[in-house]
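Heads up: the sequence shown begins at -11 in the numbering used here, then just goes up one per residue.
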Amino acid sequence: MTLINRKTLSPGLIFNRARQSFSYLRRDSVCGGFPSLVVTELTNDCNLDCIMCPRKKMKRKIQYMSFELFKKIIDEAKDFAEAIDLDLFGESLLHPDIFRMIRYVKKNNLFAVLNTNATLLNKDASPELISSGLDFLVLSFDSTDQDNYESIRRGSAYFKTLENINNFLELNDNKIFSVVQMVYMKKNMQEVNHFLKYWKNKKIGMSRLKPLLTLDPSSLYMNALPLRNVKDKPCIQLWKSMVICSDGTVVPCCNDYDKIHPLGDMNKDEIRTIWNNQNAKELRTRHILNSRKSVELCSRCLSFNPGLFLLAMNCFADDLTRRKILSLLERQVILKNSALAAYSLPG
């Protein structure tokens, strides 16, 4: 497994990351760097109804991002971003232009990242995905027990999805760095050892145990890890990443499933303008003044407050490298069932 990616030591990107971290440490409402990660929600449509997903509470209409809007985002992001995350609150393989979009990301020398439930990763989609040039793929598979899997990923078929994943991994042969991921919760916590053992000798980059993170109080009972109070410190994601919904609305982070705190509109403005506009500065200021609990979205969030080590990693490790390293750390924390795992590790 290769942890270090080619962009990690790029001087221009290091400088941009350093400016992000410096602005965060200085508690500046204006971020001196630009977003190194841009999350683009290709669609908020999905073919499953997973028990831990907030989509069931989503009130906004189902939309698919147009290729024209997507192209505009990539054209603006290519000068400073490192990675484009191609999903948010939907199954991106439903998008008819998904492979064209990945190719456009790669044409502009950016990392392409995708998370899929793998139900649509059939014999036709797998070769297309591999040839698209995708860099990083997360395959969500939350249980090695049929009944439990199908009760978590409602609407799925266990054996068909497992066949899709295994066929893809054989065809892929480690071309795309692939992660098989379990969202760790009470419903599957007893299966961890079997999950890790099953995927150990497969052709994957790693197996990941991801903490269950939700802003829905009614879903907290699913959490298998201890929770503790989070210090009221600024969330670094406001200085690091930009999240764009399928209709072009920019929101603060990946927890804003219903666009309750819009920061801007990519149909009307540019990334550079929105990044430090009045809405963005006001939100950062609330965090700086330790009053993020006054923000509805942020008041319920178990956000991760980075120490100096992770801020240094933010400077000297690119987005994909951080994902790999932090996923390994995350897995070890969960295996030890530590209270630290209640936090959302970046990436």
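Each residue gets a CB set at the ideal place from its N, CA and C atoms; glycine is no exception.
Secondary structure of residue i, DSSP reduced to three states
i	result
G252	strand
Y245	coil
A100	strand
F165	strand
M170	strand
C38	strand
L200	coil
I140	helix
T237	strand
M301	helix
L25	strand
V231	strand
S11	helix
S315	helix
S282	helix
S287	helix
M53	coil
M46	coil
S207	helix
Beta carbon of residue i nearer than 7 Å to that of residue j
i	j	result
N96	K66	yes
D253	T237	yes
V27	A71	no
E79	C34	yes
S144	E179	no
S139	N105	no
M40	D246	no
A69	C303	no
V167	G193	yes
T202	T149	no
N32	F99	no
C241	V231	yes
S315	R196	yes
N103	D123	no
M170	M210	no
I62	Y92	yes
A268	L296	no
Residue i versus residue j: straight-line alpha-carbon distance, rounded
i	j	result
M53	L184	36 Å
R43	E64	29 Å
F87	S120	6 Å
M89	E270	33 Å
T261	Q225	18 Å
R319	L1	28 Å
L277	R15	9 Å
C286	N176	28 Å
E158	S24	32 Å
F58	F165	24 Å
C19	H249	19 Å
L298	I313	11 Å
N154	D133	16 Å
H275	N255	27 Å
N181	F147	20 Å
A212	K198	11 Å
F3	A300	12 Å
R280	G21	22 Å
A113	D85	12 Å
S207	C289	13 Å
A305	L317	15 Å
S17	K221	14 Å
D73	E258	18 Å
P334	D307	With a pLDDT of only 32 at P334, under the threshold of 50, the placement of this residue in the model should not be trusted; the figure read from the coordinates follows. Computed Cα separation, rounded: 9 Å.
N243	S11	23 Å
L341	L200	Only positions -11 to 335 of the chain appear in this structure, which leaves residue 341 out of reach.
Presumed contact (8 Å Cβ cut-off) between residue i and residue j, rounded CB distance
i	j	result
Q8	K228	5 Å
S282	L30	The pair is not a contact, with the Cβ atoms about 32 Å apart (cut-off 8 Å).
N152	N110	6 Å
I118	K188	Actually they are not in contact, since the Cβ atoms of I118 and K188 sit about 23 Å apart, beyond 8 Å.
Quick one: complete alpha helix (DSSP H) runs, 4+ long, within the stretch 58 to 131? Assignment of alpha helix (DSSP H) within the stretch 58 to 131, counting only whole runs of 4 or more residues, yields 86 to 95 and 113 to 119 in chain order.
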